[in-house]
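Q: Going by our numbering, 247 is the number at position 90 of the sequence shown; the sequence numbering is gapless. For glycine and all other residues, C-beta sits at the position ideal for the given N, C-alpha and C. As the structure is a prediction and not an experimental result, all values here were calculated from the model.
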Amino acid sequence: MQNSTKPIKRQQGFTLIELVIVIVLLSVMAVSIATLFRDTTEGYMQAESRIGMASSARLALERVGREVREAMPNSIRVNGGNNCVEFVPIEAATRYTDLPTTSPGTTINVVEQDASTKISGLNTSNLFVMVIPLNTNEAYNAAAGHYSSVSSFSKLGNNETQVTISSNRFRRNSPQDRIFFVRQPVSFCVVGNNLNRYDNYGFNTSQPAPASMGTPTLVLDRVLLSSNGNPVDVFNYDSGSLNRSALLVIELYLDGRKEFINLEHEVHVRNFP
C-alpha cells in the first residue's frame with residue numbers, strides 16, 4: 158500500500174506593506190485626477206468669465222458708439238480727466254425756410270421732407286432746435302444764440318410746419334438751411350468702477366461733474382481707471398477738421414479678478430452741421 162501525500166496549499170494575500178503601497182498609489186492618483194479636474198474646471202470657468210466680460214464690454218462700447226455717432230456735430234466734449242464724454246443727441250433734422258437771425262423771433266418754418274421726418278410728431282418735452290454750432294461753447298451756451306426750446310408745432314400745408322420756440326435770435330444761417338431737433342445733453346462717465354449714463358440734467362456752459370448730473374443708469378461695472386499704476390484715459394477726442402471727421406477713442410480696462418481685459422473702440426463722428 159502506497160502512501161500518497163498532497164502538497165499543502167499556502168494561503169495567498171496582501172502583506173501589510175503591499176497594502177500600504179497600494180493605498181499610497183491610489184491616493185496619489187486620486188489627488189492627481191482631482192487636481193486635473195479642478196484645473197480644467199477653473200480654466201473653463203475663467204474662459205467663460207472672460208467671454209462674458211468681453212461680450213458685456215463690447216455691448217457697452219457699441220452703445221456708447223451708437224449714441225455718439227448720432228450726436229450733434231461740434232457738441233462732443235471730454236473732461237480733463239478723460240473719464241467723461243458729453244454730447245447733444247439728435248432727435249431729427251430737416252431744412253428751414255425762415256430763421257430769425259436779424260432780431261429775436263418765436264417761430265421757425267421747417268420742411269416736412271417725407272414721412273420719415275415726422276417733425277410735427279416729436280414730443281416737445283425737453284426738445285430744442287439747434288442751428289450750426291461751430292464749437293462746444295456754441296452748442297451749450299444759450300447766450301451764444303444757437304439753440305432754443307420748442308413749445309409746439311403747427312401744420313402749415315405744402316409740407317411745411319411752423320415751430321414755436323422760446324424767443325431767440327440765431328447768430329448765423331446754415332449754408333444748407335439745416336436745422337436739428339435735439340434733446341438735453343447726455344454723458345457717459347466712469348465713476349468708481351462703473352461706466353454710467355446720465356441724461357436730462359440740462360445744458361451747462363462748463364462740462365458738469367457726475368455728482369451734479371443726477372441718478373445715472375449703470376452701463377458696465379468692473380471698469381478700472383489705472384493699469385499697473387498708469388492712468389487709463391477712457392475717452393480721447395479729436396475734433397478733426399474740415400477735411401477729416403472727428404474721432405472719439407474709447408478704451409476700457411476691466412478687472413477680471415485674476416486677469417484683466419483691455420478693449421478699444423474708435424467712433425468716427427460728423428464734425429460739420
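Once DSSP output is grouped into helix, strand and coil, what is the label at residue 232?
A: One-based indexing of the sequence shown puts residue 232 at position 75. In this structure, residue 232 counts as coil in the three-state DSSP scheme.
Q: Keeping to the same chain, check which residues put their C-beta closer than 8 Å to that of residue 321; ignore five residues upstream and five downstream.
A: As a working note, residue 321 is residue 164 in the sequence shown. So the list reads 263, 264, 307, 308, 309, 310, 311, once near-sequence residues are dropped.
Q: Return the first residue and the last residue of the beta strand (DSSP E) that residue 266 is part of.
A: Looking up residue 266 in the sequence shown gives position 109. Element bounds for residue 266: 262-268.
Q: Let me make sure I understand the geometry here. Which of 256, 234, 323, 255 has the alpha-carbon closest to that of residue 362?
A: Sequence index remark: in the sequence shown, residue 362 carries index 205 (1-based). Cα-wise, what sits closest to residue 362 is 234.
Q: Spatial neighbours of residue 383 within its chain, please: CB distance less than 7 Å, with the 5 preceding and 5 following residues excluded, ordered by chain position.
A: Start at 1 with the first residue of the sequence shown, and residue 383 comes out as number 226. Result list for residue 383: 389, in chain order.
Q: Going by C-alpha distance, which of 387, 360, 403, 424 is nearest residue 295?
A: Looking up residue 295 in the sequence shown gives position 138. Taking only the C-alpha atoms, the option nearest residue 295 is 360.
Q: Excluding sequence positions up to five away, which residues of its chain have a Cβ less than 8 Å from the Cβ of residue 404?
A: Here residue 404 refers to the residue found at position 247 of the sequence shown. 394, 395, 397, 423, 424, 425, 426, listed in sequence order.
Q: Return helix, strand or coil for residue 328, following the three-state DSSP convention.
A: Here residue 328 refers to the residue found at position 171 of the sequence shown. Coil.
Q: Classify residue 289 as helix, strand or coil using the three-state DSSP reduction.
A: Against the sequence shown, residue 289 aligns to sequence position 132. Of the three classes helix, strand and coil, the one that applies to residue 289 here is coil, per DSSP.
Q: So the beta strand (DSSP E) residue 363 belongs to, where does it begin and stop?
A: In the sequence shown, residue 363 corresponds to position 206, counting from 1. Careful: residue 363 lies outside any beta strand (DSSP E) and carries neither H nor E.
Q: For residue 351 and residue 215, what's the separation of their Cα atoms in angstroms?
A: Within the sequence shown, numbered from 1, the residue matching residue 351 stands at position 194. Within the sequence shown, numbered from 1, the residue matching residue 215 stands at position 58. Distance between the alpha carbons of residue 351 and residue 215: 15 Å.
Q: Checking the sheet assignment: what are the DSSP bridge partners for residue 388?
A: For the purposes of this step, residue 388 is taken as the residue at position 231 of the sequence shown. Residue 388 pairs with 383.
Q: Helix, strand or coil, according to DSSP, for residue 245 in the structure here?
A: By 1-based counting over the sequence shown, the position of residue 245 is 88. Here residue 245 sits in coil by DSSP.
Q: Only counting the same chain, and skipping five residues up and downstream in sequence, which positions put a Cβ closer than 7 Å to that of residue 370?
A: Taking the sequence shown and counting its residues from 1, one reaches residue 370 at position 213. Answer for residue 370: 344, 355, 358, listed in chain order.
Q: Tell me the DSSP secondary structure of residue 278 in three-state form.
A: For the purposes of this step, residue 278 is identified with residue 121 of the sequence shown, where counting begins at 1. Correct three-state label for residue 278: helix.
Q: Between residue 305 and chain B, is any beta-carbon pair separated by less than 8 Å?
A: Judged by its chain identifiers, the structure shown contains no chain B, having just a single protein chain.
Q: On the criterion of 16 or more Cβ atoms from any shown chain inside 10 Å, does residue 315 qualify as buried, or is it exposed?
A: Position 158 of the sequence shown, counted from the first residue, corresponds to residue 315. By the 10 Å Cβ count, residue 315 comes out exposed.
Q: Return the Cβ separation of residue 408 and residue 391 in integer angstroms, given the expectation that the two are a contact with Cβ distance under 8 Å.
A: Locating residue 408 in the sequence shown gives position 251, counting from the first residue. Locating residue 391 in the sequence shown gives position 234, counting from the first residue. Between residue 391 and residue 408 the Cβ distance is about 6 Å, and since that is below 8 Å, they are a contact.
Q: When you compare each of 400, 228, 330 to residue 254 by their alpha carbons, which one comes out closest?
A: Your numbering for residue 254 matches position 97 in the sequence shown. Closest option to residue 254, Cα to Cα, is 330.
Q: Quick one, are the C-beta atoms of residue 376 and residue 248 less than 8 Å apart?
A: Here residue 376 refers to the residue found at position 219 when the sequence shown is read from its first residue. Here residue 248 refers to the residue found at position 91 when the sequence shown is read from its first residue. Going by C-beta atoms, residue 376 is not nearer than 8 Å to residue 248.
Q: When you compare only the Cα positions, how much space is there between residue 246 and residue 348?
A: Locating residue 246 in the sequence shown gives position 89, counting from the first residue. Locating residue 348 in the sequence shown gives position 191, counting from the first residue. So the alpha carbons of these two residues sit roughly 22 Å apart.
Q: Per the DSSP calculation, residue 353 is bridged to which residue(s)?
A: As a first step, residue 353 is located in the sequence shown; it is residue number 196 there, counting from the start. Paired residues: 346, 375.
Q: Apply the 10 Å Cβ neighbour rule to residue 243 and answer buried if 16 or more other Cβ atoms are within range, or exposed otherwise.
A: Your numbering for residue 243 matches position 86 in the sequence shown. It is buried - the Cβ of residue 243 has at least 16 other Cβ atoms within 10 Å.
Q: Within the same chain, show all residues whose beta-carbon is closer than 8 Å to that of residue 317, passing over the 5 residues directly before and after it, in chain order.
A: Against the sequence shown, residue 317 aligns to sequence position 160. Closer than 8 Å at the Cβ level, and outside the excluded window around residue 317, lie 254, 266, 267, 268, 269.
Q: If you draw a straight line from the alpha carbon of residue 231 to that of residue 281, how long is it in whole angstroms?
A: One-based indexing of the sequence shown puts residue 231 at position 74. One-based indexing of the sequence shown puts residue 281 at position 124. Taking the straight line from one Cα to the other gives about 23 Å.
Q: Is it buried or exposed for residue 212, if we count other Cβ within 10 angstroms and need 16 for buried?
A: On the sequence shown, residue 212 is found 55 positions in, with the first residue counted as 1. By the neighbour-count rule (16 or more Cβ atoms within 10 Å), residue 212 is not buried but exposed.
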